[in-house]
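Asks: Chains as they are written, first to last, in full-length UniProt numbering: chain A, 1 to 283; chain B, 1 to 283.
Every residue, glycine too, gets a C-beta built ideally from N, C-alpha and C.
Protein chains: 2
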Amino acid sequence: MNLWFVENHSPNVQFSMRVIEHLYTGKSEFQKIDVFQTAEFGRVLTLDGYVMVTEKDEFIYHDMITHVPMATNPGIKKVLVIGAGDGGTIRELTKYDSIEHIDMVEIDEMVVDVCREFLPQTASKLDDPRVHLHFEDGLKFVRSRNDEYDLIIVDSTDPFGPGEGLFTREFYGNCYKALNDEGILVNQHESPFYEEDALGMQRAHKRIIGFFPVCEVYQLHIPTYPSGHWLFGFASKKYDPIKDLDADAWNQLGLQTKYYNTDIHVGSFALPNYVKEQLKDVE
Amino acid sequence: MNLWFVENHSPNVQFSMRVIEHLYTGKSEFQKIDVFQTAEFGRVLTLDGYVMVTEKDEFIYHDMITHVPMATNPGIKKVLVIGAGDGGTIRELTKYDSIEHIDMVEIDEMVVDVCREFLPQTASKLDDPRVHLHFEDGLKFVRSRNDEYDLIIVDSTDPFGPGEGLFTREFYGNCYKALNDEGILVNQHESPFYEEDALGMQRAHKRIIGFFPVCEVYQLHIPTYPSGHWLFGFASKKYDPIKDLDADAWNQLGLQTKYYNTDIHVGSFALPNYVKEQLKDVE
């Protein structure tokens with residue numbers, strides 16, 4: 001059988017993976033959920049037909065969304081994670097003994113159930129006793145939180161469908177309020193390369209800089225996302241991701257990572273000129 | 001008409017671009033040459049069915065292959081470019097008034113003819129009076145050169161087909177000999193992500209470290225190349241690409257670049273752990 005999963009990376013670009021087996025298909029209240037066994041990427045989770053995680057390259061996304069803020073402020077104890085139903089961000093966070101409490105807010109419980117069954121590689125630490133799962137809308141959850149978290153990670157889908165609210169001005173304002181005075185916000189920030197992604201990225205940046213005194217963007221290589229060139233946002237009330245990085249302290253923790261290291265932490269904030277201009281355009 | 005150009009990025013991964021018009025097809029003594037007008041990437045040159053350059057993202061490749069060595073040693077005057085038939089590397093080099101002489105050795109004259117006609121965006125500076133075109137095998141050309149060049153740029157195709165000789169031990173040894181005591185070698189170094197590319201990358205690295213005291217690898221985002229995560233090699237007899245970078249001097253030149261800047265110069269040498277391990281495995 002010659003079966004391929006095809007994703008449109010732009011209206012005129014397609015990315016296709018050979019499928020060995022379509023392991024799961026289902027429809028939740030919010031979205032269509034599928035899991036494929038692929039020849040190149042191992043198991044792949046898609047939501048509404050878009051690749052969320054693959055076993056082969058998920059380490060890149062999850063390393064960079066967690067270790068960059070954790071190495072910037074080793075004092076982080078209480079974390080809010082929004083989205084992240086596959087569990088990969090939680091897996092990385094639970095490597096830190098210093099973290100005491102993690103609230104994970106995922107709108108779609110069925111995503112977590114499916115990942116527990118089909119993606120143990122990412123979902124394995126969801127039962128850590130420090131992790132508190134909340135199956136509700138992240139947008140609503142943060143409204144009632146004040147001065148509470150050291151770190152918020154917005155591990156969202158794209159700015160359309162169920163993830164749309166997590167790219168709004170109201171949401172970022174509530175994140176600011178939910179963070180304490182040392183708080184850091186890291187978010188999935190889309191890509192600079194294809195036009196539609198770049199517009200989403202610029203919109204998110206414009207909204208975040210309205211609230212946080214420190215607003216930086218860093219880049220990583222995610223081969224299964226459109227263009228492979230992806231961005232995360234780093235915003236904070238106090239910490240600078242370069243100046244406040246204590247590389248020695250992080251290295252002394254002895255954590256095993258396949259992508260992240262303290263050199264690439266610094267290097268990832270050096271952006272191409274065209275991306276710097278896209279960001280400046282909205283400031 | 002629903003026409004797509006499809007490239008296998010691995011045996012189980014395909015990347016496809018919508019084609020508006022197939023502008024040119026021909027067969028030289030060495031390879032099949034095609035030019036497509038695409039909806040997303042503008043004009044695209046392919047050799048034997050592999051994407052070489054696209055108008056939309058060629059700036060990334062050409063910025064990073066030229067400005068990294070040029071900013072490391074602003075005293076570079078004589079340059080040898082091997083491959084590079086599309087002319088993009090030459091276009092970037094000719095921005096430097098300090099360069100006095102460029103030998104460009106391209107095995108396939110037909111590639112240059114086709115690019116002059118269909119890709120003026122990259123081929124526009126091939127007639128610069130400092131550029132001397134040699135249509136012959138780069139492998140043979142360097143054999144007879146001694147202590148002559150400040151910089152050699154190997155802007156080759158992949159390590160199979162006509163470009164195969166440009167990944168051999170003999171070739172790198174001759175490059176060493178053709179460079180003067182301050183010489184720098186920069187080469188297209190393949191990708192770490194898909195298995196076959198990674199093996200080519202490790203093989204090239206193993207051969208280069210046999211000759212040069214300084215051997216580094218740096219990375220860039222090329223959306224139309226397999227995985228989007230690409231590497232270039234930086235080898236030299238003397239210069240260190242980070243310690244010897246004079247950022248102020250380069251910035252004072254006032255060159256316009258869309259990807260390169262002196263921060264990303266430094267940042268691009270910070271590699272993910274898994275790539276560092278691939279490189280260490282061969283040392």
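Judging by CA-CA distance, which residue of A:159, A:17 and A:210 is the nearest neighbour of residue 200 of chain A?
Replies: For residue 200 of chain A, the nearest C-alpha among the options comes from A:159.
Asks: Using only CA atoms, which one of A:150, A:22, A:241 and A:261 lies nearest to residue 250 of chain A?
Replies: Out of A:150, A:22, A:241 and A:261, A:261 has the C-alpha closest to the C-alpha of residue 250 of chain A.
Asks: Nearest to residue 239 of chain A by alpha carbon, out of A:184, A:29 and A:233?
Replies: Among A:184, A:29 and A:233, the Cα nearest to that of residue 239 of chain A is on A:184.
Asks: Quick test of the definition: if touching needs 3 or more C-beta pairs under 8 angstroms, does the region 126-133 of chain B touch the region 90-105 of chain B?
Replies: Yes, the region 126-133 of chain B touches the region 90-105 of chain B.
Asks: Along chain B, in chain order, which residues have C-beta atoms closer than 9 angstroms to that of residue 264 of chain A?
Replies: What residue 264 of chain A touches in chain B: 267, 270, 271, 272 and 273.
Asks: Check whether chain B comes within 9 angstroms of residue 111 of chain A, counting only Cβ atoms and requiring the distance to be less than that.
Replies: So, not an interface residue.
Asks: Could you name the residues of the region 221-240 of chain B whose beta carbon sits closer than 7 angstroms to any beta carbon of chain A, in the order they occur along the chain?
Replies: Residues passing the 7 angstroms Cβ filter: 221, 223, 227, 228 and 229.
Asks: Determine the closest residue to residue 14 of chain B out of B:256, B:225 and B:264, with distance taken between C-alpha atoms.
Replies: Here the closest residue by C-alpha is B:225.
Asks: Please state if the CB of residue 232 of chain B and the CB of residue 304 of chain B are separated by a distance shorter than 9 angstroms.
Replies: What is shown of chain B runs 1 to 283, which leaves residue 304 of chain B out entirely.
Asks: Return no unless some Cβ of chain B is closer than 9 angstroms to the Cβ of residue 39 of chain A.
Replies: Yes, contact with chain B.
Asks: Among all the DSSP beta bridges, which residues are the ones paired with residue 3 of chain A?
Replies: BP columns for residue 3 of chain A point to A:19.
Asks: Taking the straight line between their C-alpha atoms, what separation do you get for residue 161 of chain B and residue 84 of chain B?
Replies: Going by the C-alpha atoms only, they are around 15 angstroms apart.
Asks: Going by DSSP, what residue range makes up the alpha helix (DSSP H) through residue 66 of chain A?
Replies: Its alpha helix (DSSP H) spans residues 58-72.
Asks: Do we get a CB-CB distance below 9 angstroms when we pair residue 44 of chain A with the residues of chain B?
Replies: No, its Cβ sits nowhere closer than 9 angstroms to a Cβ of chain B.
Asks: Taking only beta-carbon positions, decide if residue 243 of chain A is within less than 9 angstroms of chain B.
Replies: Not an interface residue.
Asks: Is the region 104-124 of chain B touching the region 68-75 of chain B in the sense that three or more CB pairs, one from each, lie closer than 8 angstroms?
Replies: Output reads no: the region 104-124 of chain B does not touch the region 68-75 of chain B.
Asks: Can you name the residues of chain A whose CB is closer than 8 angstroms to the CB of residue 98 of chain B?
Replies: Here the premise fails: no neighbours, minimum Cβ distance about 22 angstroms.
Asks: Touch check for the region 53-71 of chain B and the region 91-100 of chain B: three-plus C-beta pairs under 8 angstroms?
Replies: Judged by Cβ distances under 8 angstroms, the region 53-71 of chain B makes contact with the region 91-100 of chain B, as three or more pairs qualify.
Asks: Identify the residues that DSSP records as bridge partners of residue 43 of chain A: which are they?
Replies: Looking at the DSSP assignment, residue 43 of chain A forms a beta bridge with A:37.
Asks: Entirely within the region 181-258 of chain A and at least 4 residues each: give me those alpha helix (DSSP H) ranges in chain order.
Replies: DSSP runs (the alpha helix (DSSP H)) wholly in the region 181-258 of chain A: 195-209 and 247-252.
Asks: Taking the continuous beta strand (DSSP E) assigned at residue 83 of chain B, which residues delimit it?
Replies: It spans 78-83 - the beta strand (DSSP E) in which residue 83 of chain B sits, taken as one unbroken run.
Asks: So with CB distances below 7 angstroms, who are the chain B contacts of residue 257 of chain A?
Replies: What residue 257 of chain A touches in chain B: 273.
Asks: Pull up the DSSP beta-bridge partners for residue 24 of chain B, would you.
Replies: Answer is B:35.
Asks: Expressed to the nearest angstrom, what Euclidean distance is found between the alpha-carbon atoms of residue 139 of chain B and residue 166 of chain B?
Replies: Roughly 6 angstroms between the two C-alpha positions.
Asks: Do you know offhand how far residue 22 of chain B's Cα is from residue 119 of chain B's?
Replies: Each residue's alpha carbon lies about 14 angstroms from the other.
Asks: How many Å lie between residue 76 of chain A and residue 241 of chain A at the Cα?
Replies: C-alpha separation (whole angstroms): 14 angstroms.
Asks: Determine whether the Cβ of residue 50 of chain A lies closer than 9 angstroms to any Cβ atom of chain B.
Replies: False, the Cβ-Cβ gap to chain B never drops below 9 angstroms.
Asks: Using the rule of at least 16 other Cβ atoms within 10 Å of the residue's Cβ for burial, across every protein chain shown, is residue 132 of chain B buried or exposed?
Replies: So residue 132 of chain B counts as exposed.
Asks: By the DSSP assignment, the alpha helix (DSSP H) with residue 176 of chain A in it spans what residues?
Replies: Counting along the chain, the alpha helix (DSSP H) containing residue 176 of chain A begins and ends at 169-178.
Asks: List, in order along the chain, the chain A residues whose C-beta lies closer than 7 angstroms to that of residue 17 of chain B?
Replies: Simply 12 and 13.
Asks: Roughly how many whole angstroms lie between the Cα atoms of residue 194 of chain B and residue 144 of chain B?
Replies: Computed Cα separation, rounded: 36 angstroms.
Asks: Expressed to the nearest angstrom, what Euclidean distance is found between the alpha-carbon atoms of residue 44 of chain B and residue 55 of chain B?
Replies: Those two C-alpha atoms are separated by around 7 angstroms.
Asks: Roughly how many angstroms lie between the CA atoms of residue 27 of chain A and residue 124 of chain B, to the nearest whole one?
Replies: Looking at the two C-alpha atoms, the distance is approximately 54 angstroms.
Asks: From residue 25 of chain B to residue 37 of chain B, what does the alpha carbon distance come to, in whole angstroms?
Replies: So the alpha carbons of these two residues sit roughly 12 angstroms apart.
Asks: Taking the straight line between their C-alpha atoms, what separation do you get for residue 267 of chain A and residue 221 of chain B?
Replies: Looking at the two C-alpha atoms, the distance is approximately 13 angstroms.
Asks: Compare the C-alpha of residue 52 of chain A against each of A:170, A:122, A:169 and A:78 and name the closest.
Replies: Of the listed residues, the one whose Cα sits closest to residue 52 of chain A is A:122.
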